[in-house]
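S.K.: Below are the structure tokens for one structure; questions will follow.
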Amino acid sequence: MQLNIPNILTLSRFFLIPFFVMFFYIPINNSTFISTLIFIIAALTDLFDGFLARRWKQTTNFGSVLDPIIDKIMVTIALILVSEHFHICWITIPTMIIISREIIVSALRQWIYSVNNLNRNNNLNCNIVSKISKIKTTLQMLSLIALLWHPNIFIIKIGLILIYMALIFTLWSMFLYIKIFQHILSIK
1 MQLNIPNILT LSRFFLIPFF VMFFYIPINN STFISTLIFI IAALTDLFDG
51 FLARRWKQTT NFGSVLDPII DKIMVTIALI LVSEHFHICW ITIPTMIIIS
101 REIIVSALRQ WIYSVNNLNR NNNLNCNIVS KISKIKTTLQ MLSLIALLWH
151 PNIFIIKIGL ILIYMALIFT LWSMFLYIKI FQHILSIK
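Next up, the structure:
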């Protein structure tokens, strides 16, 4: 394992998760704001770890495996917190679909890698899937920031709009991934 700055950022995101969960539940003044701030810091590490790894030519197998796993853990936990907090189907349904998509795509990706003896440096993304996935992730993070913070009804409504926009991009990217997986399997 190479411990460079991008990998340290990835690991720091993992270690921030318990703190944003803890502050989400602690009954003190501004706890949801503190929780959201920690989530924002964690989301920014997600933005910078990959950027710095590519820019400084410090991409590693460790980082390429760990980064998406930690992203999914962070988003899944935040979605569960938000769903549990609001107790409404308008958040629970997109939460279930988004989490299910992450599991399905991760499982299919791992299966393709193992069946085709590929390593993680063989990029399964085409440009359009990569762009859609970046938009999906951005919308997920923004919706979660709004819904974790939830200072007023206006911000909650923005969070709801963003989570449904994220849901659209989540499903779109999943269908594109499935098409890529079908293509890879058909040429095997």
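Numbers 1 to 188, taken from UniProt numbering, label the letters of the sequence shown in order. Don't be surprised by glycine CBs; every beta carbon is placed ideally from N, CA and C.
1. Would you call the segment 55-63 in contact with the segment 15-29, where contact means no fewer than 3 C-beta pairs closer than 8 angstroms?
2. From what residue to what residue does the alpha helix (DSSP H) around HIS85 run?
3. Distance, Cα to Cα, ILE98 vs LEU171?
4. Exposed or buried, TYR177, counting other C-beta atoms within 10 Å across all chains shown (16 or more means buried)?
5. Quick one: measure Cβ to Cβ for PHE23 and SER31, integer angstroms, because I've assumed they're closer than 8 angstroms.
6. Using a 10 Å radius around the Cβ and a threshold of 16 neighbouring Cβ atoms, would you call ALA78 buried or exposed?
7. Could you give the C-beta distance for MET141 and ALA43, rounded to a whole number, given that I count them as a contact under 8 angstroms?
8. Could you have a look at ILE158 and say whether DSSP puts it in helix, strand or coil?
9. Mapping the DSSP letters down to three states, classify TRP56 as helix, strand or coil.
10. Using CA coordinates, which residue listed in ASP49, ILE34, ILE180, ASN29 is at the minimum distance from ILE8?
11. From this set, ILE161, ALA146, PHE154, which residue's C-alpha is nearest LEU81's C-alpha?
12. Where does ILE163 sit, in a helix, a strand or coil, going by DSSP?
13. Are LYS136 and PHE181 touching if we call contact CB-CB under 8 angstroms?
14. Does any residue of chain B bring its CB to less than 8 angstroms from the CB of THR76?
15. Using alpha carbons as the reference points, say which of LYS72, LEU108, ASN29, CYS89 lies closest to TRP149.
16. Here's the rule: buried if 16 or more other CB atoms are within 10 angstroms of the residue's CB, otherwise exposed. What is residue 277?
M.R.: Reading it off the structure:
1. no
2. Residue numbering aside, residue 85 sits at position 85 when the sequence shown is read from its first letter. First-last of the alpha helix (DSSP H) with HIS85: 61-86.
3. Along the sequence shown, one-based indexing puts residue 98 at 98. Along the sequence shown, one-based indexing puts residue 171 at 171. Using only the alpha carbons, I get a separation of about 8 angstroms.
4. Locating residue 177 in the sequence shown gives position 177, counting from the first residue. Buried, by the Cβ-count rule.
5. Along the sequence shown, read from residue 1 onward, the residue named residue 23 stands at position 23. Along the sequence shown, read from residue 1 onward, the residue named residue 31 stands at position 31. Sure, about 5 angstroms apart at Cβ, within 8 angstroms.
6. The count along the sequence shown starts at 1 and reaches residue 78 at position 78. Classification of ALA78: buried, given that the 10 Å Cβ count is 16 or more.
7. Here residue 141 refers to the residue found at position 141 when the sequence shown is read from its first residue. Here residue 43 refers to the residue found at position 43 when the sequence shown is read from its first residue. About 5 angstroms separates the two Cβ atoms, so the contact holds.
8. Residue 158 sits at position 158 when you count from the first residue of the sequence shown. Of the three classes helix, strand and coil, the one that applies to ILE158 here is helix, per DSSP.
9. For the purposes of this step, residue 56 is taken as residue 56 along the sequence shown, with counting starting at 1. Reduced to three states, the DSSP call for TRP56 is coil.
10. Position 8 of the sequence shown, counted from the first residue, corresponds to residue 8. Ranking the options by Cα distance to ILE8, first place goes to ASP49.
11. For the purposes of this step, residue 81 is taken as residue 81 along the sequence shown, with counting starting at 1. The shortest C-alpha separation from LEU81 is found at ALA146.
12. Working through the sequence shown from its first residue, we reach residue 163 at position 163. Reduced to three states, the DSSP call for ILE163 is helix.
13. Along the sequence shown, one-based indexing puts residue 136 at 136. Along the sequence shown, one-based indexing puts residue 181 at 181. Result no, Cβ atoms of LYS136 and PHE181 do not sit closer than 8 angstroms.
14. Looking at the structure shown, chain B is missing, and only one protein chain is on hand.
15. Walking along the sequence shown from the start, residue 149 turns up at place 149. For TRP149, the nearest C-alpha among the options comes from ASN29.
16. The structure shown does not extend to residue 277, since the chain is modelled only from 1 to 188, so the question has no answer here.
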